[in-house]
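Written out below as structure tokens is the structure these notes cover.
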Amino acid sequence: MMKADAIIVSAGKGQRFMEGRKKQFFFLGGKPILAHTLDQFDACPLIRSILLVVGQEDQDYCLKEIIEKFQYRKISQIIPGGKRRQDSVRNGLDALSADAKIIVIHDGVRPFVTKEMIEESIRSATRFGAAIIAMPVKDTIKMAHPDGTVLKTLERESLYQAQTPQAFQAPFIREAYLKATEDGFIGTDDASLVERLGKKIHILPGAYTNIKITTLEDLMLANLILKMRAHTKGEEG
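The C-terminal position of the sequence shown is numbered 1489 in our numbering, with every residue numbered one higher than the one before it.
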């Protein structure tokens, strides 16, 4: 099986949690959220290298307090991110080795990704060109008018909540980002850029626990998920 190179995007400048820390560096179960994410990618046998994109001011912290402290072996570079997530991914693509065949992109604040999700996304991208992890939407989704009134109800059966990792054959994602830059297009995820090329993107099942931690409520849920997993492992042991 062809090995992939990963871009972990953790350059968010948004809400800071308690103690003034950025969300990706807040501790969850005794280690930073970002470290939980890196654990899975570093241990995945189908990952060749990891390129970590962080805020320029956070590079030293990541090197000393995360990479060196937890002894990750596959992180090849730490590079500064951009103004938006899309800019950060583009920086990662520009810095990534030219011989990369499959590129996996993942949010640093999704710590409950599993090696199985990573491996399945790589296998699917190798076979089909592009793959995302997603879950069926559980709530009813309404489309609204600008005035805040309901326009219509969308058919829930065909709606999915996109997650990461998202994996692509390197030429697809590089071309997609080049075209987006030329057109001034800003997407909400990496797959939306590839969609503009007319490429088919395969959907793989993720997990409702594969949450993106962006608020204090998310952090509370993450602690519950962590405790639930520890309890399950204890019962299995």
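Where is the CB? At the ideal position from N, CA and C, for every residue including glycine. Keep in mind it's a predicted model, so treat the numbers as computed, not measured.
>> So the candidates are T1466, A1396 and A1258; which of them puts its Cα closest to the Cα of K1404?
In response: A1396
> Excluding five sequence neighbours on each side, which residues of the same chain lie with their C-beta closer than 8 Å to the C-beta of V1341?
Replying inline: I1259, V1261, V1305, I1357, Y1429 and D1442
> Between which two residues does the beta strand (DSSP E) containing L1456 stretch?
Replying inline: H1454 to P1457
>> For the beta strand (DSSP E) containing F1420, name the first residue and the last one.
In response: Y1412 to Q1421
> Which whole-angstrom value is the C-beta distance of K1353 and M1254, which I expect to be below 8 Å?
Replying inline: 6 Å
> Which residues bound the beta strand (DSSP E) around T1405?
Replying inline: V1402 to T1405
>> Could you tell me the alpha carbon to alpha carbon distance between I1463 and Q1329, rounded to whole angstroms?
In response: 26 Å
> In three-state terms, what does DSSP make of A1350?
Replying inline: coil
> Hey, quick one: how far does the beta strand (DSSP E) through D1257 stretch, first residue to last?
Replying inline: A1256 to S1262
> Can you tell me whether DSSP reads M1387 as helix, strand or coil?
Replying inline: strand
> Is it buried or exposed for M1369, if we count other Cβ within 10 angstroms and need 16 for buried?
Replying inline: buried
> In chain order, what residues of the same chain lie with their CB nearer than 6 Å to the CB of L1449, ignoring the 5 residues before and after it?
Replying inline: A1428
> What are the partner residues of K1394, as DSSP defines its beta bridges?
Replying inline: T1405
> Looking at the unbroken alpha helix (DSSP H) that takes in L1286, where does it start and where does it end?
Replying inline: I1285 to A1295
> When the Cα of G1334 is compared with those of E1320, R1325 and G1307, which residue comes out closest?
Replying inline: G1307
>> Quick check on this structure: which residue in P1398, A1432, V1446 and K1431 has the alpha carbon closest to the alpha carbon of Q1421?
In response: V1446
> Can you tell me where the alpha helix (DSSP H) with L1445 in it begins and where it stops?
Replying inline: D1442 to E1447
> Excluding the five sequence neighbours on either side, which residues of its own chain have a C-beta within less than 6 Å of the C-beta of I1425, listed in chain order?
Replying inline: I1355
> Can you tell me whether DSSP reads V1365 as helix, strand or coil?
Replying inline: coil
> Would the beta-carbon of K1275 fall within 8 Å of that of T1466?
Replying inline: yes
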